[in-house]
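A.B. asks:
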Amino acid sequence: QSVDDEAFEDRVRPLSMRNVSGPLGGKSWRGWAGFWTATLLENMGSILSGLIYPDLAVASMNDGVDVCAGALAKTKRCYDAVSAATSAASLFGLIGAICSLFCIPIVGSAADHFGRRPLLIFSFICSKVPTLTLLCVAYADVSIYYFFAALMITAMVPSSMLFWFWINDCTTPDERVRMFGRLSALTNLEGIATPLFVILVHGKHAVILLACVRLAAVLTVICFVPESRPPASLRSSLCANGRLAFLSRWQGVSKLCSDKSLRIFLPLAFVAAGKGAGINAIALFFCKAKFGLTKETFAPYVSVGTVSNAIVQLILIHPLSRMMGLRGLFAFSLVAGSVNCILYALVPSPGWLYLLAGLSGLANVGVPAIQALMSNLSESVPGMTPGVALGALQAVQSLIMILIPPVFQAIFAIAAREHVLLSLPFLVAAAGNLICLVVLLCLPKSYFPHSE
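Every position in the sequence shown, counted from 1, becomes a number in our numbering once 2 is added.
Have a look at this one:
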């Protein structure tokens with residue numbers, strides 16, 4: 003009996019504490035290698051898609067002609083084109099966010115019931131639908147609106163939430179800052195090589211490269227990423243009470259809001275993290291309208307920004323978190339983000355974008371801090387089990403990360419349509435960061451029991 007108890011305890015320990023007889027057994031190293039490789043490839047596909055579709059969207063809405071390339075920038079026709087493209091992206095993005103409100107609880111409960119691995123595979127397959135539509139846009143003159151509609155599918159099954167589940171299953175609280183830092187770095191690390199591929203693979207052929215990368219990601223997660231949950235905890239939540247499992251995450255949200263410290267801190271953390279996604283959603287459109295950049299000329303800035311983020315997340319995140327604590331790390335990222343957004347709004351020429359990209363990693367230093375803090379908080383929420391609390395936190399974060407980019411695209415679309423202040427989204431982001439900083443500094447240290 004004692005041997006059985008010891009084996010069960012080993013199965014439920016985080017991956018770093020398991021011996022070779024755990025759920026991943028002797029495959030633990032291969033499990034992490036497969037997970038990081040799948041993460042790298044999937045997000046490489048996301049970077050490629052983000053670089054490719056703005057050019058195709060502008061051209062698709064103007065009889066196949068890029069009316070913003072080179073000297074055509076800053077013209078009324080260019081402004082109208084980027085306004086139409088970002089308006090469409092914003093509309094479909096908002097619809098996707100509303101749909102995700104209902105789908106995310108299902109995805110989270112299914113991940114508890116069937117396991118992380120099946121849902122990761124399903125999420126990776128769903129991300130191929132927009133790629134197929136982009137191939138049709140490039141080679142069959144299909145409307146770009148089909149691509150925007152297909153993006154709603156990926157919003158309903160967010161892989162980022164499942165990545166978070168997998169890491170949380172396999173780590174202890176004190177390991178999570180470092181592991182979420184690695185996730186943040188690997189999420190962007192593909193940006194070092196990916197822009198080079200975009201430069202080398204010109205025009206429509208870049209879409210074929212995107213399809214190959216997406217296919218490699220699916221094969222990697224199928225062949226090399228193991229299940230992270232112990233077998234004993236699978237197929238329990240839905241069978242025990244299907245209705246409760248379906249609603250538990252949003253019921254958990256209302257319970258989270260009943261805690262005063264969480265009610266103040268969580269909107270602050272989610273909005274601060276979401277603004278980075280919002281800025282990324284309009285960066286190429288902004289540079290296209292203001293400087294006439296295309297995916298090939300914008301790609302080097304992505305590489306520089308990725309190198310900056312990798313250095314910060316892989317080298318600086320650990321000493322900074324030990325020196326400042328999670329709250330200090332969060333405050334530092336808000337200040338750096340505000341400065342970077344203001345400089346972006348005032349940038350006079352494309353050459354200055356290299357400097358801003360080099361500093362951008364400092365603005366992302368708070369992302370793993372927020373993720374680690376929320377994972378730790380999930381283990382001490384009164385009246386909630388850690389799994390239910392974490393599920394509620396992840397559901398809200400995923401919804402915010404899906405909702406904010408369309409909001410920034412709508413702001414940019416209005417600015418472009420009125421032909422005034424294209425940098426308005428950056429100024430809004432800077433102001434938001436400063437407001438978040440003021441609120442953060444007003445919170446007592448007792449609100450951060452796990453961070454200092």
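All C-beta atoms, glycine included, are put in the ideal place defined by N, C-alpha and C.
(1) So which of I402, K292, I317, I313 has the shortest CA-CA distance to G353?
(2) Might you give, ordered along the chain, the residues of its own chain that have their beta carbon closer than 7 Å to the beta carbon of F332, omitting 5 neighbours on each side?
(3) How long is the line joining the alpha carbons of V306 and H204, rounded to whole angstroms?
(4) Does the stretch 216-234 come close enough to the stretch 33-42 to have 3 or more Cβ pairs within less than 8 Å?
(5) Short check: CB of G95 to CB of P408, under 9 Å?
(6) Please go through the same chain and pick out, in chain order, the residues whose beta-carbon is closer than 8 Å to the beta-carbon of I146, but skip the five residues on each side of it.
(7) Indicate the three-state DSSP secondary structure (helix, strand or coil) for E420 in the structure shown.
(8) Starting from the C-beta of P427, find all residues in its chain whose C-beta is less than 8 Å away, skip the five residues before and the five after it, and write them out in chain order.
(9) Does DSSP classify C101 as helix, strand or coil?
(10) With distances taken between CB atoms, is the gap from L299 to F165 smaller than 9 Å?
(11) Can you tell me whether V422 is buried or exposed? The criterion is at least 16 other CB atoms within 10 Å of its CB, across all chains shown.
(12) Between the stretch 211-220 and the stretch 121-138, are three or more C-beta pairs nearer than 8 Å?
(13) So the alpha helix (DSSP H) V441 belongs to, where does it begin and stop?
(14) Give me the residue from M403, G98, L202, F167 with the minimum Cα distance to A152.
(15) Using 8 Å as the cut-off, can you tell me whether the stretch 312-323 makes contact with the stretch 267-276, which would need three or more C-beta pairs spanning the two stretches below that distance?
(16) Could you give the first and the last residue of the continuous alpha helix (DSSP H) run that contains S362?
(17) With a CB to CB cut of under 8 Å and the five nearest residues on each side skipped, what residues in its chain are close to S51?
(18) In this structure, how does DSSP classify A213 when only helix, strand and coil are distinguished?
(19) Note down the Cα distance separating L122 from V220, rounded to an integer number of angstroms.
(20) Exposed or buried, which one is C241 when buried takes at least 16 other CB atoms within 10 Å?
(21) Between S125 and A195, what straight-line distance do the alpha-carbon atoms span, to the nearest angstrom?
(22) Check whether the stretch 311-318 touches the stretch 72-82, taking contact to mean three or more Cβ pairs, one atom from each stretch, closer than 8 Å.
(23) Could you spell out the range, first to last residue, of the alpha helix (DSSP H) harbouring C138?
(24) For D114 and F167, what's the separation of their Cα atoms in angstroms?
C.D. replies: This is what the structure holds:
(1) Locating residue 353 in the sequence shown gives position 351, where the first residue counts as 1. Residue K292 is the option with its Cα nearest to G353.
(2) Sequence index remark: in the sequence shown, residue 332 carries index 330 (1-based). Only G368, A371, I372, L442 meet the Cβ criterion.
(3) Counted from its first residue, the sequence shown places residue 306 at position 304. Counted from its first residue, the sequence shown places residue 204 at position 202. Just so you know, the alpha carbons of V306 and H204 end up roughly 20 Å apart.
(4) Note that the stretch 216-234 touches the stretch 33-42; at least 3 beta-carbon pairs, one per stretch, sit closer than 8 Å.
(5) Counted from its first residue, the sequence shown places residue 95 at position 93. Counted from its first residue, the sequence shown places residue 408 at position 406. Between G95 and P408, the gap from beta carbon to beta carbon is short of 9 Å.
(6) Counted from its first residue, the sequence shown places residue 146 at position 144. Closer than 8 Å at Cβ, skipping near neighbours: Y55, L58, A59, S62, M63, A87, A90, V139.
(7) As a position in the sequence shown, residue 420 is number 418, starting the count at 1. Coil.
(8) On the sequence shown, position 425 is the one that residue 427 refers to. Cβ neighbours of P427 within its own chain (closer than 8 Å, five residues either side excluded): G280, I281, I284, F288, F410, I413, F414, A417.
(9) On the sequence shown, position 99 is the one that residue 101 refers to. Note: C101 maps to helix in three-state DSSP.
(10) For this step, residue 299 is matched to residue 297 along the sequence shown. For this step, residue 165 is matched to residue 163 along the sequence shown. The sequence as given places Thr at residue 299; Leu does not occur at that position. Cβ distance not < 9 Å, so T299 and F165 don't count as in contact.
(11) Reading the sequence shown from its first residue, position 420 is the one you call residue 422. Residue environment: V422 is assigned as exposed (fewer than 16 neighbouring CB atoms within 10 Å of its CB, all protein chains considered).
(12) Verdict: yes, contact present.
(13) Working through the sequence shown from its first residue, we reach residue 441 at position 439. First-last of the alpha helix (DSSP H) with V441: 426-444.
(14) One-based indexing of the sequence shown puts residue 152 at position 150. Closest by alpha carbon: G98.
(15) The answer is no - the stretch 267-276 does not touch the stretch 312-323, with fewer than three Cβ pairs under 8 Å.
(16) What you label residue 362 is simply residue 360 of the sequence shown in a count that begins at 1. Note, S362: alpha helix (DSSP H), 355-365.
(17) By one-based count along the sequence shown, residue 51 stands at place 49. Result list for S51: P132, T133, L136, L212, in chain order.
(18) Numbered from 1 along the sequence shown, position 211 holds the residue referred to as residue 213. DSSP, reduced to helix, strand and coil, places A213 within a helical segment of the structure shown.
(19) Sequence index remark: in the sequence shown, residue 122 carries index 120 (1-based). Sequence index remark: in the sequence shown, residue 220 carries index 218 (1-based). Rounded to the nearest angstrom, the gap between the Cα atoms of L122 and V220 is 9 Å.
(20) Taking the first residue of the sequence shown as 1, we reach residue 241 at position 239. For C241, the predicted structure reports a pLDDT of 42, less than 50, and the residue's modelled location is therefore unreliable. A value from the coordinates is still provided. By the 16-neighbour rule on beta-carbons within 10 angstroms, C241 is exposed.
(21) Taking the sequence shown and counting its residues from 1, one reaches residue 125 at position 123. Taking the sequence shown and counting its residues from 1, one reaches residue 195 at position 193. Their backbone Cα atoms lie some 24 Å apart in a straight line.
(22) No, they do not touch.
(23) To locate residue 138, count along the sequence shown from 1; it is residue 136. Counting along the chain, the alpha helix (DSSP H) containing C138 begins and ends at 130-142.
(24) Working through the sequence shown from its first residue, we reach residue 114 at position 112. Working through the sequence shown from its first residue, we reach residue 167 at position 165. Approximately 9 Å, taken between the alpha carbons.
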